[in-house]
Each structure stands twice: as C-alpha cells, then as structure tokens.
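Numbered by mature numbering (1 follows the signal peptide of the UniProt record, and there is no 0), the letters in the sequence shown go through residues -22 to -1, 1 to 110 in order. The C-beta atom is built at its ideal place from N, Cα and C for all residues, glycine as well. Structure first, then comments.
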Amino acid sequence: MKNTLKLLSLLFVVLFTVSACSKDDDPVDNELFTGNYTGDVGYTNLSDDSKSVEYGPGSVRVYKVGDKYAFDFKTDAGNIPSLTGIVMQKGENNTIFFNSEAIGTITISESTLEIAYTNLDTKESFRASCDR
C-alpha cells in the first residue's frame, strides 16, 4: 500500500511539473504556474552600488500562485534578489505600478517577460527582457 501511494504521489508531481511548464501555457489563464524565461536581466541597488548587477545574459524563473507572482533571477554576473509578492489581478498580464511603494511595469505572456520595476521603499530596481 505504501509503495502504491508513493508511486501515485510521484506520478502526480511529474504530471503537475510537465503541465505547469508547457511553453504555450499563458500564466494569466492559470491559478498555478511556473516557467523559465531566458534573455537579459539586470539589478540596481540604489543604496549599495556594489550589489548591483550589470544588465546582461541571464534567466528568470516565474512562479504564480493565485494572483501573486514571484520572480527568481539567475545570472553569472552576480546575485540578484528575488522579486516577490507581486500581485496581478486574474486575467491581467500587464501591470503598471505607480504608487508610494513602486513604479514600473511587468508584462508576462506565454512567450515573453518584460520587467522594468523599481521598489521605492527598498531602493531596488529590476530589469528583464526574456523569452521562453
């Protein structure tokens, strides 16, 4: 019984991973989404320039649960912190931020990701232009 349960659990995880990572899967249409986008990424820390990462080749892994997005950046040029807690209403794939906490835009589709986002509280700026 335990082996059957383990096998079914493993099958469910594999099925979820394969279906969540489909290249023609639009994150706007799903409550759960994960996908990798490759292109150019960059990060500017206005408080400490030594933590900034020059705009260049890298990737972004996108996670979506409900209406909250998280973006994990990866580049050989340095460490870029994750951008988390981004809320986009269901059915939206383009959000413009213009409030006391942030300014910029994030656009995501099944094939492209564009980020030009500055968090005014933490004085961090994120940039990405990627394809999947």
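Residue environment, residue i, which counts as buried when at least 16 other CB atoms sit within 10 Å
i: Ile74; result: exposed
i: Gly34; result: exposed
Among the options, nearest to residue i - alpha-carbon criterion
i: Val38; options: Glu102, Ser30 and Pro59; result: Pro59
i: Tyr95; options: Asn8, Phe49, Tyr41 and Lys29; result: Phe49
i: Leu61; options: Leu10, Ala80, Glu32 and Ser28; result: Ala80
Contacts around residue i, its chain only, beta-carbon distance under 6 angstroms, and the 5 residues preceding and following it disregarded
i: Asn72; result: Thr85
i: Cys108; result: Tyr15, Thr16, Gly17, Val38 and Leu91
i: Val25; result: Per the sequence shown, residue 25 should be read as Ser rather than Val. Only Lys101 meet the Cβ criterion.
i: Ile64; result: Tyr47
Neighbourhood of residue i by C-beta, 8 angstroms cutoff - its chain only, sequence neighbours within 5 removed
i: Arg110; result: Lys1, Gly13, Asn14, Tyr15, Thr16, Glu88, Ser89, Thr90 and Leu91
Cβ shell of residue i (< 7 angstroms), same chain only, five flanking positions each side left out
i: Met66; result: Asp45, Tyr47 and Thr73
i: Cys(-2); result: Unreliable positioning characterises Cys(-2) in this predicted model, as indicated by a pLDDT of 48, which lies under 50. The coordinate reading is nonetheless provided below. The residues are Thr12 and Gly13.
Rounded separation between residue i and residue j - CA only
i: Phe104; j: Asn8; result: 24 angstroms
i: Ile93; j: Val40; result: 12 angstroms
i: Glu32; j: Leu10; result: 31 angstroms
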